[in-house]
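Heads up: the protein sequence lines correspond to chains D and G, in order. Going by my numbering, the letters in the first sequence line up with residues 1 to 321, in that order. Going by my numbering, the letters in the second sequence line up with residues 322 to 531, in that order. Ideal placement from N, C-alpha and C gives every residue a C-beta, glycine not left out. Scroll down for the structure; my scribbles are underneath it.
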Amino acid sequence: MDFNLSFTANANPEELYDLIIIGGGPAGLTAGLYAARYKLKTLMIEKMAISGGQLTSTEWVENYPGFPEPVLGQKLAKDMETQAKMFGLEVINEEVTKVELTGNIKQVHTPYAVWKAKTILISTGSSPRKLNVPGEDNYKGNGVSYCATCDGPFYPDKTIAVIGGGNTAFEESVFLAKYAAKVTIIHRSDSYKADQILQERVKANPKIELLPFYQVTHIDFDNPEGRQIILKNTQDDTEKIMKVDGIFVFIGNDPNTKLFEGQLELEGGYLVTDRSHKTSVDGVWAAGDVQAKALRQVATAVGDGACAAHWINKYVEEWSE
Amino acid sequence: MLDDKIKQEVSKILANMVKPVTLKLFTQGNECGYCKETHELLNELAAINDKLKLEAFDFETHEAEAKKYGVEELPTIVVMDEKDHGIRFTGIPAGYEFSSLLSAFLMVSTGVAKLTNDTKAFLDNLQKPVHLKVFVTPTCPYCPPAVMLAHAMAFHSDKVTAEMIELSEFPHLAVKYGVQGVPRTVINEKWFQEGAAPEDILVAKIKEAL
Ligand SMILES: Cc1cc2nc3c(=O)[nH]c(=O)nc-3n(C[C@H](O)[C@H](O)[C@H](O)COP(=O)(O)OP(=O)(O)OC[C@H]3O[C@@H](n4cnc5c(N)ncnc54)[C@H](O)[C@@H]3O)c2cc1C
Chain D
1 MDFNLSFTAN ANPEELYDLI IIGGGPAGLT AGLYAARYKL KTLMIEKMAI
51 SGGQLTSTEW VENYPGFPEP VLGQKLAKDM ETQAKMFGLE VINEEVTKVE
101 LTGNIKQVHT PYAVWKAKTI LISTGSSPRK LNVPGEDNYK GNGVSYCATC
151 DGPFYPDKTI AVIGGGNTAF EESVFLAKYA AKVTIIHRSD SYKADQILQE
201 RVKANPKIEL LPFYQVTHID FDNPEGRQII LKNTQDDTEK IMKVDGIFVF
251 IGNDPNTKLF EGQLELEGGY LVTDRSHKTS VDGVWAAGDV QAKALRQVAT
301 AVGDGACAAH WINKYVEEWS E
Chain G
322 MLDDKIKQEV SKILANMVKP VTLKLFTQGN ECGYCKETHE LLNELAAIND
372 KLKLEAFDFE THEAEAKKYG VEELPTIVVM DEKDHGIRFT GIPAGYEFSS
422 LLSAFLMVST GVAKLTNDTK AFLDNLQKPV HLKVFVTPTC PYCPPAVMLA
472 HAMAFHSDKV TAEMIELSEF PHLAVKYGVQ GVPRTVINEK WFQEGAAPED
522 ILVAKIKEAL
């Protein structure tokens, strides 16, 4: 049996921090580790009770180097946090609700305090995208899910539809097939973005079936004859009804950048940065999934975080009020 | 139950305790999934810091006590001081819920509940009782904030009681309350809030329920 502890620092709102990191996923944790080793007075603000971001919602991570045996996402997250804290990173669990980024001293608001810093690193990552079809909101948490490790165990011997065609959809389907009797991966075309190795694993799993060229138009779980979803063929528009007990949605992510709209330059919702990971405002950096970039993975997030911390350290050295 | 590394961490965290905290644990011989483990866990915790006082009750032989604390499922832990604040853990607080358990200890011991002034004002004006059931699983990283918020409300207000329920031990409750995703906070048996909602959203839901 596992006991996972994560505890808040006794941070002081009177303090002027060298760096405040918003968001404690792999990018923020790595930046925190580097910054703490540079001896920057650093505070990380993470809204969940646990650090690790999206890492905590997946089971195995197989493509993060250094782990020939796959590592549990939740373990990797915990270890990253422990390592950063060991060097003095302070972590508090509050949600950032407002930021004031212009000027030499930046302000970060949470429901409990206003925090001040010379520099800000934004690593708020991204959140699962919704399908935006009727029925989705009503059944969120009761048949519609975005997190397999959270909700997979509720579907023993049940029938599940997984929506999506990328790495996450394929990987999580394999996880769900451990519980469910049958998993159908529904995708709007027959070209899948998932890594070849995952595609092979899915094809080899007798419980998983691929259903290409369909998209979900309605989650009809109110139906007296049992739960069903309505699908539309993307080629000839014909309809198809599928009986399922639950549906898991993995159709990509949206960046968590609402807080920064109007203050920082965005591109398709993502934060635009230069080569040093600086945003459009001096003293403000971004790292990880939240950045406009090509590949959103743990390995790239930690690289971004390390690199941003390097430039932040240089900036703080020269900072003056 | 706990390895040495975790025990050290726990000991550091519990060093912040101020007043003693009483843990009333209700278990029953053989018919209960995690009674033994929960008992062992609390024993180990009580051995780490003597401000934690464990009182264990067998459900069958202590019917009156169980009734007094409204215990229906086993194991149940009541976290209290000289007063019962309505804070309950039903099922073992393992996995990520271990953080929820320790934060309940600290909250009761230090007397500080982390709530905004708006929430406190709302709770201070409550006319009717509010009962919160927060359904969780131990592997759910989004669950502890929902549990901690509910417990903080219970601690602050005499009108509020709040219970963490570890669902995988009580599948019949998943069926009864239609839960297929966690966390889910059920308000007064009828209304519910999905996910780890921020304070203001839960407060709005409670207003709706009243
Ligand atoms: C199911 C799943 C499986 C995956 N599998 C893999 C894999 O096998 N290999 C791989 O390399 N990658 C995988 N990924 C992708 C990988 O997890 C992400 O690329 C990585 O976590 C990005 O890190 P990040 O730090 O940029 O952001 P995130 O991990 O998104 O972390 C952002 C953090 O910021 C916090 N936050 C957001 N807004 C606020 C706010 N206002 N205030 C305070 N805190 C805030 C969030 O709570 C979160 O903790 C997977 C993702 C998912 C969802």
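Residue environment, residue i, which counts as buried when at least 16 other CB atoms sit within 10 Å
| i | result |
| --- | --- |
| D/T56 | buried |
| D/D157 | exposed |
| G/Q448 | exposed |
| G/E520 | buried |
| D/R275 | exposed |
| D/L16 | exposed |
| D/V174 | buried |
| D/Q74 | buried |
| G/M469 | buried |
| G/V339 | exposed |
| D/L295 | exposed |
| G/V433 | exposed |
| G/D371 | exposed |
| D/I251 | buried |
Residue i Cβ short of 6 Å to ligand 1 heavy atom set
| i | result |
| --- | --- |
| D/N256 | yes |
| D/K106 | no |
| D/S123 | yes |
| D/G141 | no |
| D/T279 | no |
| G/K328 | no |
| D/N63 | yes |
| G/M469 | no |
| D/R201 | no |
| D/G53 | yes |
| D/P68 | no |
| D/E46 | yes |
| D/R296 | yes |
| D/G25 | yes |
| D/T58 | yes |
| D/A301 | yes |
| D/T273 | no |
| D/V96 | yes |
| D/D289 | yes |
| G/T348 | no |
| D/T322 | The question about residue 322 of chain D has no answer here: the residues shown for chain D are numbered 1 through 321. |
Inter-residue CB distance, residue i and residue j (contact presumed, cutoff 8 Å)
| i | j | result |
| --- | --- | --- |
| D/V114 | D/V96 | That pair is no contact at about 11 Å. |
| G/F476 | G/V429 | 7 Å |
| D/L198 | D/N167 | 6 Å |
| G/R505 | D/G141 | 5 Å |
| D/P128 | D/V249 | 7 Å |
| D/V284 | D/I122 | 7 Å |
| G/K454 | G/I486 | 6 Å |
| G/L375 | G/A387 | Not a contact, Cβ separation roughly 16 Å. |
| D/L40 | D/D18 | 4 Å |
| D/A84 | D/A36 | 6 Å |
| D/V281 | D/T119 | Incorrect: roughly 11 Å between the Cβ atoms, too far for contact. |
| D/V302 | D/A27 | 7 Å |
| D/F176 | D/I160 | Note on residue identity: the sequence assigns Leu, not Phe, to residue 176 of chain D. The pair is a contact, with the Cβ atoms about 6 Å apart (cut-off 8 Å). |
| D/A204 | D/G165 | With a Cβ gap of about 18 Å, D/A204 and D/G165 do not count as contacting. |
| D/Y139 | D/I219 | 6 Å |
Whether residue i touches residue j by CB criterion (7 Å)
| i | j | result |
| --- | --- | --- |
| D/G125 | D/N223 | no |
| G/I544 | D/F3 | Since the first and last residues shown for chain G are 322 and 531, residue 544 of chain G lies out of range. |
| G/S420 | D/A49 | yes |
| D/V216 | D/V272 | no |
| D/L89 | D/T42 | yes |
| D/I186 | D/Y214 | yes |
| D/H277 | D/A287 | yes |
| D/V99 | D/M44 | no |
| G/A473 | G/L436 | yes |
| G/F456 | G/V500 | yes |
| D/I241 | D/I230 | yes |
| G/L323 | G/C356 | no |
| G/V541 | G/K497 | No statement about residue 541 of chain G is possible, as the shown extent of chain G runs from 322 to 531 and does not include it. |
| D/G25 | D/G53 | yes |
| G/I369 | G/L423 | no |
Cβ contact (3+ pairs, closer than 8 Å) linking the segment 337 to 348 of chain G and the segment 300 to 313 of chain D = With the cut-off at 8 Å, the segment 337 to 348 of chain G and the segment 300 to 313 of chain D do not touch.
message = For the structure I just gave you, are there three or more beta carbon pairs, one from the segment 377 to 384 of chain G and one from the segment 515 to 523 of chain G, closer than 8 Å?
response = In short, these stretches do not touch, since the Cβ pair count stays below three.
inquiry  = Counting beta carbon pairs with one atom in the segment 4 to 18 of chain D and one in the segment 53 to 70 of chain D, are three or more of them shorter than 8 Å?
reply    = The answer is no - the segment 4 to 18 of chain D does not touch the segment 53 to 70 of chain D, with fewer than three Cβ pairs under 8 Å.
task = Check whether the segment 179 to 187 of chain D touches the segment 493 to 504 of chain G, taking contact to mean three or more Cβ pairs, one atom from each stretch, closer than 8 Å.
result = No, because fewer than three Cβ pairs between the segment 179 to 187 of chain D and the segment 493 to 504 of chain G fall closer than 8 Å, the two stretches do not touch.
message = Check whether the segment 351 to 363 of chain G and the segment 300 to 309 of chain D touch, using three or more Cβ-Cβ pairs below 8 Å as the test.
response = Cβ pair count under 8 Å is below three, so no.
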